[in-house]
Amino acid sequence: MKKYDCIVAGAGLSGFAAAVGAAQAGAKVLLLDRLPSVGGTAVYGLTPILSGWHKNSLGNAVGSMLAEKLKALNAFDWRVNKIVTHEDRLQQAMTDVLAEAGVKTLYNAALCGVERQGDAISKISVTTIGGVLELAADAFVDATGDAVLSVLAGAETVVPDDEESMTKTLMFKVRNVKGFDRDTVVAQFQEHVSEFPVKIQNSFMGMPLLEREEVVMNLTAIPGNAADPELYSTMYDQLYRQIEPIMEFMRRNVPCFAEAVVTKAAPIVGVRYSRSVKGERGLTIEDIFSPETPAEPVAFCGTFIGGHYIKHFESPWGGKITGKPAVPYGAIKVRGIKNLLTAGRIIDIDPRAVSAVRLAAGCLATGQAAGIAAALKVPEYGVLRKELDRQGCMDWLNNM
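And the structure:
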């Protein structure tokens, strides 16, 4: 059985940032994932659009390191609050950052067991192509997106009611889109929206990528609990079957899509949100709109909440964030398990506010904070804050 200072489960953007943050804090780190490589939803879900940035949030942290790698690969396009790239180049950039940080990786490794000693995790088990491995660490980060590690460890989780959740989606790519102009496409889509085959999707969601005439489409939608494995499989099938009717609508009603062809569908569902893990101090709706930043901040929040509602795109509580919110330390510390932290969309947060942390920028920010906390064995906030500052994670706070 191998022993590490920190094990990060989940190699999407939040887990990637957690592993790098922990390594930069001096820890011996293992990053594992059930998928074949780093990247998570950003790579395998066909969402290489790193959203959620605002003027004070990029800083000098892992997000900036990743951006510089993408620029060197000529795969970086800044569009307002988004970094548009390509999933293959994003995978390469993340792999390079991990290697330079000295992070050990283990892919095609699915969590299957957790052993606890009192209020701490002592070891985990993963299934691999070579059999079951047992792995030990002083601290763990759950960056699985669906709280898999936390559930296996017996942590308290929250699965939202459908009314407070978000639709699930299946991203797909199309080519031969001639002369895409977003304002024109949106207007043409809305003119015929009553005919759109997915009735709960009443807003155009699509983004031109780096290559000419290529657009990633985000128009499939279905409600439901994607943490249910049987329902997940049904969802994938239903979402996949929405693609061709959607394309028929687009070819018929949006002229620049007249000759468009589907080139790739994502192999995983875009879950957006399935459940969260109870922490020591949750992030609330009141925090989101408060003019005061919560005590013990560790990561920034995005600029809006809502969207992707289960009846139509706009959620009843959605809108621009008007306060000065931040993720408090307690939201990433798992209640009752002293050496487990969370990152990304599963942190302790009101389901209605999850858009404030689930986008790429928020995942990187909470991930790096969780990784640093794990490397330092979940210290008091003052100790954590010094390392957050040293790694450039708090530059956004100084400019609020």
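Residue numbers for the sequence shown, in the working numbering: 2 to 401.
Every residue, glycine too, gets a C-beta built ideally from N, C-alpha and C.
- For Glu135, the uninterrupted beta strand (DSSP E) segment begins and ends at 132 to 143.
- Nearest to Asp139 by alpha-carbon distance, out of Leu377, Val384, Asp396, Leu47, is Leu377.
- Within the same chain, Cβ atoms closer than 6 Å to the Cβ of Leu134 are found at Val127, the five residues on either side in sequence being excluded.
- Contact annotation, Met172 with Asn219: C-beta distance approximately 6 Å; criterion of less than 8 Å satisfied.
- Rounded to whole angstroms, the separation of the alpha carbons of Pro380 and Glu388 is 11 Å.
- In the structure shown, Cys113 adopts extended strand secondary structure according to DSSP, grouped into three states.
- In the three-state reduction of the DSSP assignment, Trp397 falls in the helix class, which pools H, G and I.
- Of all alpha-carbon atoms in Leu51, Asp288, Asn340, Ala370, the one lying nearest the alpha-carbon of Val85 is that of Leu51.
- In the three-state DSSP reduction, Gln202 falls in the coil class, being neither helix nor strand.
- Cβ-Cβ distances below 7 Å link Gly46 to Met172, Ala267, Ile269, Gly271 in the same chain, with the five nearest sequence neighbours on each side left out; the list follows chain order.
- Between Val30 and Val9 a beta carbon distance of about 7 Å is seen, short of the 8 Å cut, so the two are scored as contacting.
- Distance between Met395 and Met206, taken at the CA atoms: about 32 Å.
- Rounded to the nearest whole angstrom, the CA to CA distance from Ala259 to Thr235 is 30 Å.
- For Cys364, the enclosing alpha helix (DSSP H) stretches over residues 361 to 376.
- Secondary structure note for Pro49: it is in no beta strand (DSSP E), with a DSSP letter that is neither H nor E.
- For Asp78, the enclosing beta strand (DSSP E) starts and ends at 78 to 80.
- For Ile286, the enclosing alpha helix (DSSP H) starts and ends at 286 to 290.
- If the five residues before and after Gly114 are omitted, its C-beta is found closer than 6 Å to the C-beta atoms of Ser126, all from its own chain and listed in chain order.
- Contact check for Ala144 against Val21 fails: the beta carbons are separated by 8 Å or more.
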